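K.L.:
Residue numbers (the numbering used here): -16 to 360.
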């Protein structure tokens, strides 16, 4: 089944520019809240809902973006097998042609696009594919990857892989980074890491209230970002998964690959799992009131799920993104006559500010202790 031909070639709305999210059809006469259409001489599939847009390169179906004609990554879906704990590739979608494709919408609640292909591996016959689902009010694109044994019994465990590479998040190519396993890395670094069971640990001394043990929180996702733009991939924490991260100093070669052990496949058995994707330009989401702050707030910054508010030379407040206070510490023992800071930035768990009086910058340890430590640099 192929995509029906209904290409939009004119009538573009004024905000339908490269990199812009319009969350509507490009056709001025199309007033649907959710749907799909074809752009660029039928080469691109555009789907939208009440919140967002996604654009798919029709030749592969795997390459997609939140931004018209502006692809931030290259996505590669593979199926493989496990030999012990080691995943071995059978086939990847970017090596193949001739995928079957379907797209459906009820024009009111969903758009559903699917592509799949039957392949052979020795005497074994497999089908693997990808299904994209976008509901009326969804913010993330649901990406379901699946495999099916369409032949005889396969005597080894099969596994899915989703690889993200060729990352270029605008506007500044040199500052792209990833936050994974509660740690930040620049994409132009050198790494060869394997993460399993991603967990964030909050030590008891950094918790508020009556704490008796450290807090462990599953964090089955990673975020790649520049200053304002970001992309995020989430998956089910209960999967038998690992994430490989590789970098050789060249950002174009950097990649992350989530590896999922899907187990044994009996004849005619199908298995799938769903990933959740968004790549977006920062936009207003919500606001909150924060009680108890004084009038001399001079800095604010966020990293991950936490935000930090700098009260001059007095205190640092650590909150959740919704404004709920976690802890605070201070007074801060700045040198240079208890000099007042100006502004605040957060990176890799350290807080950074600059002096308002002397030509110095300083970093502040991110910890719930009194006093906080200010180190001039």
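Even glycine gets a Cβ: it sits at the ideal position worked out from N, Cα and C.
Quick caveat, the model's predicted, so the values are computed rather than measured.
How big is the Cα-Cα spacing for residue 107 and residue 252?
P.N.:
So the alpha carbons of these two residues sit roughly 13 Å apart.
K.L.:
Please name the residue, chosen from 26, 212, 30, 25, that lies closest to residue 15 on a Cα-to-Cα basis.
P.N.:
30
K.L.:
Can you list, in chain order, the residues of its chain whose CB lies under 6 Å from that of residue 26, leaving out five sequence neighbours each side?
P.N.:
41
K.L.:
Report the option in 244, 119, 114 whose CA atom is closest to the CA atom of residue 127.
P.N.:
114
K.L.:
Leaving aside the five residues before and after residue 228 along the sequence, list all residues of the same chain whose C-beta is less than 6 Å from its C-beta, in chain order.
P.N.:
Cβ neighbours of residue 228 beyond the five flanking positions: 174, 176, 239.
K.L.:
For residue 38, which residues in the same chain have their Cβ closer than 6 Å to its Cβ, ignoring the five residues on either side in sequence?
P.N.:
27, 29, 48, 51
K.L.:
Buried or exposed for residue 67, please, with buried defined as at least 16 other CB atoms from any protein chain shown within 10 angstroms of its CB.
P.N.:
Residue environment for residue 67: exposed (fewer than 16 other C-beta atoms within 10 angstroms of its C-beta).
K.L.:
Using the rule of at least 16 other Cβ atoms within 10 Å of the residue's Cβ for burial, across every protein chain shown, is residue 32 buried or exposed?
P.N.:
buried
K.L.:
By DSSP, does residue 187 sit in helix, in strand, or in coil?
P.N.:
helix
K.L.:
Measuring CA to CA, which of 139, 90, 141 is closest to residue 120?
P.N.:
90
K.L.:
Identify the residues that DSSP records as bridge partners of residue 15: which are they?
P.N.:
DSSP, once it has assigned bridges, lists no residue as partnering residue 15.
K.L.:
Please state if the CB of residue 203 and the CB of residue 179 are separated by a distance shorter than 9 Å.
P.N.:
no
K.L.:
Short of 6 Å in beta carbon distance, which residues of its chain neighbour residue 61, apart from the five on each side in sequence? Order them along the chain.
P.N.:
72, 75, 144
K.L.:
Would you kindly check if the distance between the Cβ of residue 237 and the Cβ of residue 171 is under 9 Å?
P.N.:
yes
K.L.:
Going by CA-CA distance only, name the one from 10, 70, 300, 54 that's closest to residue 243.
P.N.:
70
K.L.:
With a threshold of 16 other CB atoms inside 10 Å of the CB of residue 262, please say whether the residue is buried or exposed.
P.N.:
buried
K.L.:
Write down the C-beta distance between residue 205 and residue 216 rounded to the nearest angstrom, noting that I regard them as a contact closer than 8 Å.
P.N.:
6 Å
K.L.:
If we count the other Cβ atoms within 10 Å of its Cβ and call it buried at 16 or more, is residue 333 buried or exposed?
P.N.:
exposed
K.L.:
What are the partner residues of residue 117, as DSSP defines its beta bridges?
P.N.:
94
K.L.:
Take the Cβ of residue 327 as the centre, count every other Cβ of all protein chains shown within 10 Å, and call the residue buried at 16 or more, exposed below.
P.N.:
buried
K.L.:
With DSSP as the reference, label residue 76 as helix, strand or coil.
P.N.:
helix
K.L.:
Quick check on residue 234: does DSSP put it in helix, strand or coil?
P.N.:
helix
K.L.:
Going by Cα to Cα distance, which pick from 77, 97, 79 is closest to residue 85?
P.N.:
97
K.L.:
Checking 9 Å against the spacing of the C-beta atoms, do residue 94 and residue 17 come in under that value?
P.N.:
Contact: yes.
K.L.:
Taking the Cβ atom as the reference point for each residue, do residue 148 and residue 235 lie within a distance shorter than 9 Å?
P.N.:
yes
K.L.:
Can you look up residue 253 in the DSSP assignment and give me helix, strand or coil?
P.N.:
strand
K.L.:
Please state whether the Cβ-Cβ distance between residue 248 and residue 131 is less than 9 Å.
P.N.:
yes
K.L.:
Do you know how far the Cα of residue 208 is from the Cα of residue 294?
P.N.:
27 Å
K.L.:
Going by the CB atoms, is the gap between residue 141 and residue 254 shorter than 9 Å?
P.N.:
yes
K.L.:
Flag residue 224 as yes when its Cβ comes closer than 8 Å to any non-hydrogen atom of the ligand PLP, and as no otherwise.
P.N.:
For the structure depicted, the ligand PLP is absent and the ligand set is empty, with no information on it obtainable.
K.L.:
CB-CB under 8 Å to residue 363, same chain, minus the five flanking residues each way: which ones, in chain order?
P.N.:
Only positions -16 to 360 of the chain appear in this structure, which leaves residue 363 out of reach.
K.L.:
Using the C-alpha atoms, what's the distance from residue 146 back to residue 300?
P.N.:
38 Å
K.L.:
Just how far apart, CA to CA, sit residue 150 and residue 55?
P.N.:
If you draw a straight line from the Cα of residue 150 to the Cα of residue 55, it comes to about 6 Å.
K.L.:
Counting along the chain, where does the beta strand (DSSP E) carrying residue 61 start and finish?
P.N.:
57 to 66
K.L.:
Identify whether residue 318 lies in helix, strand or coil by the three-state DSSP scheme.
P.N.:
With a pLDDT of 42 at residue 318, under the threshold of 50, the modelled position of this residue cannot be trusted, and the question is left open.
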